[in-house]
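Colleague:
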Amino acid sequence: MSSVPFGVARLDSILGGGAPPGSVVLLAGEAGAGAREFAYTSAAMNALAGADEELFDLYYGDVDADATLPESVHYISFTADTEAITREMGYTMADEIVDAAVDEISFRDLSPEYFQLSPVPRDWYETATASITELGDRGEYEDVLTAFGDYLSEHGERSLVCIDSVTDLVSMVSDDTDWSDVAMVMKGLKKAAYEWNALVLVLVNTDALREREFGTLMDAAGGTLQFSWESGGSQRARTMFVREFRGVLSRLEAENIVRFETEIHEGGFDISDVRKIR
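If you read the sequence shown in my numbering, its first letter stands for residue 30, the second for the next number, and so on.
1. Which same chain residues, not among the five before or five after L98, have their C-beta less than 8 Å away from its C-beta?
2. Can you check which of these residues, G252, E295, M269, L189, is closest to S279 by C-alpha distance?
3. Checking the sheet assignment: what are the DSSP bridge partners for R230?
4. What residue does the alpha helix (DSSP H) around M215 start on, and which one ends it?
5. May I ask which residues mark the beginning and end of the alpha helix (DSSP H) holding V104?
6. Which ranges does the beta strand (DSSP E) cover as unbroken runs of at least 3 residues, wholly within the segment 245 to 301, from first to last along the chain?
7. To the nearest angstrom, how far is it from the Cα of S194 to the Cα of G178?
8. With distances taken from CA atoms, which of S101, S106, L174, P50 is nearest D207?
9. Within its chain, find whatever has a CB closer than 7 Å to the CB of M247; leave out the 5 residues flanking it on each side and keep chain order.
10. Starting from the Cα of V131, find the closest Cα among I43, E292, K216, R116 and give me that residue.
11. Skipping 5 residues on each side, what residues in its chain have a beta carbon closer than 7 Å to that of P150?
12. Looking at I293 and L232, is the spacing between their C-beta atoms short of 8 Å?
13. Would DSSP call R239 helix, strand or coil?
14. Starting from D138, trace the beta strand (DSSP E) both ways and give me its first and last residue.
15. Do the CB positions of E142 and L84 come within less than 8 Å of each other?
16. What residue from N234, E259, A250 has the CA that sits closest to A64's CA?
17. Per DSSP, F304 is paired with what?
18. Might you give, ordered along the chain, the residues of its own chain that have their beta carbon closer than 8 Å to the beta carbon of D172, omitting 5 neighbours on each side?
19. If you count every other CB in all the chains shown that lies within 10 Å of the CB of Y120, and 16 or more means buried, which is it?
20. For R265, count neighbouring Cβ atoms within 10 angstroms of its own Cβ and tell me buried if that reaches 16, exposed if not.
21. May I ask which residues mark the beginning and end of the alpha helix (DSSP H) holding S42?
22. Checking 8 Å against the spacing of the C-beta atoms, do G296 and M122 come in under that value?
23. Give the range of the alpha helix (DSSP H) segment to which V154 is assigned.
24. For a quick check, are the C-beta atoms of V199 and A237 less than 8 Å apart?
25. With distance defined between alpha-carbon atoms, name the residue in S31, T196, G36, L218 nearest to D86.
26. With 16 as the cutoff for other CB atoms within 10 Å, does R267 come out buried or exposed?
27. How would you label S147, buried or exposed, when you count the other beta carbons within 10 angstroms and need 16 or more for buried?
28. Report the three-state DSSP secondary structure of A62 (helix, strand or coil).
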C-alpha cells in the first residue's frame with residue numbers, strides 16, 4: 030500500500046493518491062469550517078467504492094494507480110449513535126451516496142461507556158430496558174478508553190477509521206481521567222496505526238482546546254489538516270491548510286501550495302481552489 034485515499038477526489042489527486050498508510054491525521058478547526066464534513070465524506074466515499082461502483086465513479090472517479098482502498102471503514106463516536114451520524118451525513122452529501130455507503134461503514138457508538146459515570150440519565154444514551162430481567166442483567170460498561178482501544182485492536186488492520194471526536198475526551202478529563210491518559214492513548218494510536226497500515230482521521234474542535242493540549246495532539250499525529258473560516262467582503266469561505274504532514278507536506282511545498290479553498294456540495298466535502306505562494 031503506497032497510499033490510502035482520503036475520499037476527497039481533488040485532494041487525493043494532488044497528493045498522488047492520498048495519505049501514506051499508517052497515518053494518524055488530525056482534522057482540526059473551528060466549528061462548521063469543514064472538518065466534520067471532511068470525515069463524513071472520507072468515510073462515505075471509501076465505503077461507496079465497495080457498495081456501488083457506478084455511484085463511486087460518478088462522485089469520485091478513478092482511484093490513483095498508487096493508491097489502495099481500505100479493506101474496511103469504521104466510524105467511532107463517543108456521544109452519537111448510528112442514526113444521528115447517518116442523518117448528519119445526509120446534510121453533507123446526496124442521499125443516494127449515504128444510502129449506498131452506510132451499510133459498508135461499521136459504526137461503534139461509545140456513548141454508553143462515555144456517559145456511564147456522568148449525571149446524564151441512562152435512558153438518554155441507552156435503549157430503554159424492556160423487562161425487569163434485562164434490567165437485572167445490565168451491568169456497568171468498561172472504561173471508555175479501554176473500549177475504544179479494544180475496538181481498534183480488533184478492527185484497525187488495513188482500515189479507514191474516523192474518530193468523532195477527541196474534543197469529547199477533553200471534556201471527560203477529571204479526577205478519574207487525566208489529560209495525560211488521553212494524550213498517551215493518542216501516542217499509542219500513532220504507533221498502532223503504522224503497524225495496521227491504517228488511515229486514522231481524528232476530529233478535534235480547536236475552540237475547545239488550550240494551545241498546549243492542541244500541541245500535544247499534533248505531536249501525537251502524523252499530520253494535521255486545519256480548517257477555518259475566512260471573511261472576504263460580505264461572504265465567508267471555508268479554507269483548509271495542511272499545517273503538518275510528514276511524507277506529504279514536502280510535496281505540497283514543492284508545488285508552492287499553501288492553502289485550499291473548500292466547499293460542500295452533493296458529493297460532500299471538496300476542494301474548490303488551490304492557493305499558491307506568490
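Just so it is clear, CB atoms sit at the ideal spot from N, CA and C, and this is done for glycine as well.
Modeller: In short:
1. Sequence index remark: in the sequence shown, residue 98 carries index 69 (1-based). So the list reads V33, P34, N75, A78, G79, V92, once near-sequence residues are dropped.
2. In the sequence shown, the residue the question calls residue 279 occupies position 250. Answer by Cα proximity: G252.
3. Here residue 230 is taken as the residue at index 201 of the sequence shown, counted from 1. As written in the sequence, residue 230 is Leu, which differs from the Arg given in the question. Answer by DSSP bridge pairing, in chain order: V54, C191.
4. On the sequence shown, residue 215 is found 186 positions in, with the first residue counted as 1. M215 -> alpha helix (DSSP H) spans 208 to 225.
5. Translated into positions along the sequence shown, residue 104 becomes position 75. Strictly speaking, residue 104 in this sequence is Tyr, with Val absent from that position. Per DSSP, Y104 belongs to no alpha helix (DSSP H); it is in the beta strand (DSSP E), 101 to 106.
6. 252 to 261, 264 to 274, 286 to 294
7. As a first step, residue 194 is located in the sequence shown; it is residue number 165 there, counting from the start. As a first step, residue 178 is located in the sequence shown; it is residue number 149 there, counting from the start. In a straight line, the C-alpha of S194 is about 14 Å away from that of G178.
8. In the sequence shown, residue 207 corresponds to position 178, counting from 1. D207 has its Cα closest to that of L174, out of S101, S106, L174, P50.
9. In the sequence shown, counting from the first residue as 1, residue 247 sits at position 218. So the list reads L55, T253, E273, once near-sequence residues are dropped.
10. As a position in the sequence shown, residue 131 is number 102, starting the count at 1. Here the closest residue by C-alpha is R116.
11. The sequence position of residue 150 within the sequence shown is 121, counting from 1. Correct list: empty, nothing qualifies.
12. Your numbering for residue 232 matches position 203 in the sequence shown. Your numbering for residue 293 matches position 264 in the sequence shown. No; because the gap between Cβ atoms is not below 8 Å, this pair is not in contact.
13. To locate residue 239, count along the sequence shown from 1; it is residue 210. If DSSP states are grouped into helix, strand and coil, R239 belongs with coil.
14. The residue labelled residue 138 in the question sits at position 109 within the sequence shown. 134 to 138 is the span of the beta strand (DSSP E), which, as asked, contains D138.
15. Residue numbering aside, residue 142 sits at position 113 when the sequence shown is read from its first letter. Residue numbering aside, residue 84 sits at position 55 when the sequence shown is read from its first letter. Result no, Cβ atoms of E142 and L84 do not sit closer than 8 Å.
16. Along the sequence shown, read from residue 1 onward, the residue named residue 64 stands at position 35. Closest option to A64, Cα to Cα, is N234.
17. The sequence position of residue 304 within the sequence shown is 275, counting from 1. Here residue 304 turns out to be Arg, not Phe, going by the sequence shown. Answer by DSSP bridge pairing, in chain order: R288.
18. As a working mapping, residue 172 is identified with position 143 in the sequence shown. Here the set comprises E142.
19. Here residue 120 is taken as the residue at index 91 of the sequence shown, counted from 1. Exposed, since its Cβ has fewer than 16 Cβ neighbours within 10 Å.
20. In the sequence shown, residue 265 corresponds to position 236, counting from 1. Exposed, because fewer than 16 other Cβ atoms sit within 10 Å of the Cβ of R265.
21. Numbered from 1 along the sequence shown, position 13 holds the residue referred to as residue 42. 38 to 43 is the extent of the alpha helix (DSSP H) around S42.
22. Taking the sequence shown and counting its residues from 1, one reaches residue 296 at position 267. Taking the sequence shown and counting its residues from 1, one reaches residue 122 at position 93. Against a cut-off of 8 Å, the Cβ pair of M122 and G296 comes out as a contact.
23. Taking the sequence shown and counting its residues from 1, the one referred to as residue 154 is at position 125. The question names Val, yet the displayed sequence has Tyr at residue 154. In the DSSP assignment, Y154 falls within the unbroken alpha helix (DSSP H) covering 151 to 154.
24. Numbered from 1 along the sequence shown, position 170 holds the residue referred to as residue 199. Numbered from 1 along the sequence shown, position 208 holds the residue referred to as residue 237. A contact, by the Cβ cut-off of 8 Å.
25. The sequence position of residue 86 within the sequence shown is 57, counting from 1. Nearest of S31, T196, G36, L218 to D86, Cα basis: G36.
26. Residue numbering aside, residue 267 sits at position 238 when the sequence shown is read from its first letter. So R267 counts as buried.
27. Residue mapping note: residue 147 aligns to position 118 of the sequence shown, counting from 1. With fewer than 16 Cβ atoms within 10 Å of its Cβ, S147 is classed as exposed.
28. On the sequence shown, residue 62 is found 33 positions in, with the first residue counted as 1. Coil at A62, not helix or strand.
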